[in-house]
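Per full-length UniProt numbering, the sequence shown starts with residue 1, numbered consecutively.
Positions of the beta carbon are idealized from the N, C-alpha and C atoms, including for glycine.
So the structure is just underneath, and the comments pick up after that.
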Amino acid sequence: MVWPCPHTVPVSPQRQCVEYALKAQPLRRYIPKNRTQYRVWAMVNSTAFEYIMFVLILLNTIALAVQHYEQSKPFNYVMDLLNMVFTGLFTVEMVLKIIAFKPRVRPGGAQGVTQGGDTGQGGDTGQEG
């Protein structure tokens, strides 16, 4: 096999994918014009918010990891309570991000998802036969 340059080392497709993902930049940055939306956007894009959510995810993971077979009733009650608290906090995060980023619905709804892909209606499977 001949390499394009004698000084280059072959790179795996996985490494190329990781390098591309690390260098990727958005085409343009979304900054809301509405003052209230901008405040929420600035909050959810802050480093502090990201760290808080990261810590909540870690605590939730630990809470899930300590559950075990034949738990006592008080322990089970505390775990259920923690589960509801974490669910509430993650729901608040979701609502804040929806407010901040104001998702848009494209005309045609979810139909655009299947364009150029499998429609689930059979047909050519790509196999010869």
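Using 8 Å as the Cβ pair cut-off and three pairs as the minimum, do the stretch 89 to 103 and the stretch 34 to 51 touch? yes
Applying the criterion that 16 or more other CB atoms from any shown protein chain within 10 Å of the CB defines a buried residue, is V40 buried or exposed? Within the sequence shown, numbered from 1, the residue matching residue 40 stands at position 40. When all chains shown are included, V40 counts as buried.
Give me the Cβ distance between K102 and Q37, rounded to the nearest whole Å; I'm assuming they're in contact under 8 Å. Here residue 102 refers to the residue found at position 102 when the sequence shown is read from its first residue. Here residue 37 refers to the residue found at position 37 when the sequence shown is read from its first residue. That pair is a contact at about 7 Å.
Indicate whether L82 and L56 have their beta-carbon atoms separated by less than 8 Å. On the sequence shown, position 82 is the one that residue 82 refers to. On the sequence shown, position 56 is the one that residue 56 refers to. The answer is no: Cβ separation not under 8 Å.
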